[in-house]
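The structure under discussion appears below in the form of structure tokens.
Protein chains: 2
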Amino acid sequence: MDASSAEKRGRVGQWPDGAAYVDGNYMPVGDARIPITDWGYRRSDVTYDVVGVWDGAFFRLDDHLARFRRSMTRLRMQPRESDADIRAMLHEIVRLSGLRRAYVAMDCMRARPPRGAPYNPVHARAYIVAFAVPWVWLFSEELQARGIHAMVANTPRIPPESVDPTVKNFHWGDLTRALFEAADAGADTALLLDADGFLTEGPGFNVFIVRDGAVISPDRGALEGITRKSVFDLCDEFGLRHEIRPVPLAELREADEILLATTAGGVMPVTRLDGRIFGNDRPGPVSARLRERFWARRAEGWHATPVDYT
Amino acid sequence: MDASSAEKRGRVGQWPDGAAYVDGNYMPVGDARIPITDWGYRRSDVTYDVVGVWDGAFFRLDDHLARFRRSMTRLRMQPRESDADIRAMLHEIVRLSGLRRAYVAMDCMRARPPRGAPYNPVHARAYIVAFAVPWVWLFSEELQARGIHAMVANTPRIPPESVDPTVKNFHWGDLTRALFEAADAGADTALLLDADGFLTEGPGFNVFIVRDGAVISPDRGALEGITRKSVFDLCDEFGLRHEIRPVPLAELREADEILLATTAGGVMPVTRLDGRIFGNDRPGPVSARLRERFWARRAEGWHATPVDYT
């Protein structure tokens with residue numbers, strides 16, 4: 254790359270609070286805004302993905318890019334960026350932030366039909382925004398070490414028939430209500446059931462139970478999490494059985510251990526559910542091993558794609 | 254008001270494409286943007302309302318303001334603006350646009366928890382944005398005169414237990430999917446059922462059936478529409494019976510007439526459902542009378558609050 258285009262690209266680390274990309278343009282994250290009239294906001298007509306950067310490298314970048322494209326296709330969104338464009342753009346926003354540990358989000362949303370066109374999303378173009386900001390923990394490291402205190406929400410998860418949870422989305426009304434329930438109950442977070450009483454997921458994470466040495470995660474109402482996939486990979490390394498199948502509430506309550514997984518937190522043990530204490534109020538042995546191994550493997554460069562900071 | 258504050262307020266009609274208010278500041282609607290990191294967008298943690306301005310007057314402004322406040326309270330949002338502030342602000346954006354016929358939207362959304370605070374909406378402040386733009390028809394006047402062609406969507410409405418439809422919200426994933434179904438089927442719009450097969454609402458409107466001279470609208474899964482209320486008021490004027498009760502799909506299909514109601518369209522007759530022709534492909538007599546009377550009453554200043562353009 255010659256000097257002039259390098260200059261056009263902006264300096265490495267020039268926006269340490271975070272860098273963003275909005276429909277073709279780079280800017281500090283504080284300047285990244287969307288029109289209040291666009292349907293991405295006004296109809297939550299948007300899908301997104303989040304990839305982590307840890308010690309200068311993306312984690313499972315290909316998996317996130319593939320899922321993001323799958324989500325866009327399911328919503329019939331065709332932004333102008335190819336997967337290669339998106340990959341280069343993500344490198345660029347992390348480069349512009351200079352961050353070695355970053356939370357990197359990419360959204361694809363519909364704008365709005367042009368004036369005079371029928372009031373149908375078919376007529377609205379889709380565009381991409383993204384940002385890289387300093388790493389965000391869903392739960393602080395202190396909470397993770399202590400163990401998360403969760404509750405079972407009264408609010409049921411939006412059913413997959415209405416909004417597909419495998420297309421990562423911002424339909425968080427149920428999850429937000431559950432977070433208020435948690436705050437009222439003095440819990441750190443909430444786990445949601447579907448209308449039939451089966452475990453689904455929580456606000457921003459997949460849920461697992463450990464039972465008789467097997468690690469089990471729900472087959473319904475949940476995102477196909479990439480950290481969930483990593484947990485199962487680690488189970489394989491440990492020779493632990495893992496399953497994706499229905500988890501009724503009774504089985505959740507009787508589990509040996511409960512753990513959560515998300516990009517913005519890795520593997521997070523739960524030690525209390527509705528005040529019931531698990532494992533003597535300490536992270537259970539399987540959860541603790543998985544968490545420890547997860548970060549050890551990350552430090553080894555597991556599924557890592559070094560960010561191009563040049 | 255003295256000259257200097259009048260100047261500070263901006264000129265009448267200075268932004269004819271639309272005027273907006275974002276968290277305390279007035280601007281052209283094209284400049285009205287929200288941070289891509291705010292939860293109003295990122296978690297669809299937002300409620301809204303829409304009031305129409307027709308021939309220089311708001312329609313049922315008090316009803317819209319009361320519903321907006323009720324929605325904010327249910328979501329535990331406490332923006333800094335009082336109802337009097339919101340009322341004055343709405344007058345101001347219409348005044349700045351100079352529009353005599355306008356679509357006026359007001360949103361209240363949560364920002365995001367401050368850095369370091371727990372990841373819970375309890376810790377995020379709420380703020381208000383609003384805009385007034387030239388009047389928008391949900392369906393063109395030509396379509397309304399011809400009659401709307403609707404279909405019954407395969408996608409079920411998000412259940413009230415997960416997201417309360419009486420708190421006007423942007424959880425439109427199901428409605429958006431239904432609009433794609435409609436586009437694929439060559440229909441103008443779609444009507445959604447709940448999981449038990451009862452009629453709820455459509456993308457942006459309440460639905461009614463006419464049966465044996467009574468006007469009936471669903472009791473579940475639907476917004477408590479202010480235009481719906483107006484339709485019932487007109488029924489009273491005509492001496493027509495009206496009911497809010499369950500409407501199973503079979504009854505929808507066998508209805509004498511079907512009509513829709515929304516702020517951005519008033520009363521809109523449906524003439525086809527899934528290709529089945531109603532009323533010889535012309536708006537039915539009750540629908541036509543209601544539509545005609547609705548606009549006649551509007552022209553008389555029914556529930557009108559003149560905009561302060563001074």
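In order, the protein sequence lines correspond to chains A and B. Count along the first sequence from 1, then add 253; that gives the number in the numbering used here. Count along the second sequence from 1, then add 253; that gives the number in the numbering used here. Glycine residues also receive a C-beta, built at the ideal position from the N, C-alpha and C atoms.
Would you check if the distance between the CB atom of F547 (chain A) and the CB atom of V520 (chain A) is smaller than 8 Å? yes
Using the DSSP secondary-structure output, state which residues sit across from H402 (chain A) in a beta bridge. DSSP, once it has assigned bridges, lists A:R525 as partnering H402 (chain A).
Quick check on L543 (chain B) - is its C-beta less than 8 Å from some C-beta in chain A? no
Comparing the C-beta of R320 (chain A) with each C-beta of chain B, is any distance below 8 Å? no
Need the endpoints of the beta strand (DSSP E) that S204 (chain A) sits in, please. Nothing about residue 204 (chain A) can be reported from this structure: the residues present for chain A run from 254 to 563 only.
Can you confirm whether D561 (chain A), when its beta carbon is compared against all beta carbons of chain B, has any partner nearer than 8 Å? So no, D561 (chain A) is outside the interface.
Measuring only the C-alpha atoms, how far is T290 (chain A) from A364 (chain A)? 8 Å
Which same chain residues, not among the five before or five after S540 (chain B), have their C-beta less than 6 Å away from its C-beta? E510, L512 and P522
Could you name the residues of the same chain whose beta carbon sits closer than 8 Å to that of E496 (chain A), not counting the 5 residues immediately before and after it, in chain order? A467, V468, I469 and S470
Restricting to runs no shorter than 3 residues, where is the beta strand (DSSP E) found entirely within the stretch 452-493 of chain B? Runs found: 459-464 and 467-470.
Mapping the DSSP letters down to three states, classify W292 (chain B) as helix, strand or coil. helix
Given that E414 (chain A) touches chain B, what residues does it touch there, using C-beta distances under 8 Å? T408, P409 and A448
Could you tell me which chain B residues have their CB closer than 9 Å to the CB of N422 (chain A), listed as they occur along the chain? S297 and G426, listed in chain order.
What separation, rounded to the nearest whole angstrom, lies between the Cα atoms of G537 (chain B) and G528 (chain B)? Taking C-alpha positions only, G537 (chain B) is separated from G528 (chain B) by approximately 16 Å.
Between A443 (chain B) and M342 (chain A), what straight-line distance do the alpha-carbon atoms span, to the nearest angstrom? When rounded, the distance between both Cα atoms is 38 Å.
Against chain B, does H556 (chain A) count as a neighbour if the rule is that its beta carbon must be under 8 Å from one of theirs? no
For chain B, find out if any of its Cβ atoms is closer than 8 Å to the Cβ of A273 (chain A); answer yes or no. Residue-level contact by beta carbon holds for A273 (chain A) and chain B, with a gap shorter than 8 Å.
From what residue to what residue does the alpha helix (DSSP H) around E504 (chain B) run? First-last of the alpha helix (DSSP H) with E504 (chain B): L502 to R506.
For Y562 (chain A), which option in A:N459, A:F311, A:R481 and A:W292 has the closest C-alpha, if you only look at C-alpha atoms? Closest option to Y562 (chain A), Cα to Cα, is A:F311.
Which same chain residues end up closer than 6 Å to T419 (chain A) when comparing Cβ atoms and leaving out the 5 residues on each side of it in sequence? E477
Keeping to the same chain, check which residues put their C-beta closer than 8 Å to that of P409 (chain B); ignore five residues upstream and five downstream. D427, L445, L446, D447 and A448
Buried or exposed (CB count within 10 angstroms, at least 16 for buried), Y301 (chain B): Buried is the call here.
Use the C-beta contact count for A256 (chain B): other C-beta atoms within 10 angstroms, 16 or more gives buried, fewer gives exposed. Confidence in A256 (chain B) is poor, its pLDDT being 44 and thus under 50, which makes the residue's placement too unreliable to answer from.
How is R544 (chain A) classed by DSSP in three states: helix, strand or coil? helix
Is the CB of R286 (chain B) under 8 Å away from at least one CB in chain A? yes
Consult DSSP for A557 (chain B) and reduce its assignment to one of helix, strand or coil. Residue state, collapsed to three classes: strand.
Using the C-alpha atoms, what's the distance from Y274 (chain B) back to S350 (chain B)? 12 Å
Return the CA-CA distance between W388 (chain B) and F458 (chain A), expressed in angstroms with no decimal places. 42 Å
Answer with buried or exposed for D417 (chain A), where buried requires no fewer than 16 other C-beta atoms within 10 angstroms of its C-beta. buried
In chain order, what residues of the same chain lie with their CB nearer than 8 Å to the CB of M325 (chain A), ignoring the 5 residues before and after it? T300, Q331, P332, C361 and A379
Would you identify the three-state DSSP class for G283 (chain A), choosing helix, strand or coil? helix
Taking the straight line between their C-alpha atoms, what separation do you get for L493 (chain A) and R481 (chain A)? 14 Å
Provide the residue(s) that pair with D437 (chain B) in DSSP beta bridges, ordered along the chain. DSSP links D437 (chain B) through a beta bridge to no other residue.
Buried or exposed by the 16-neighbour rule on C-beta atoms within 10 Å, applied to E553 (chain A): exposed
Strictly under 8 Å for the Cβ-Cβ distance: is L432 (chain A) near chain B by that measure? yes
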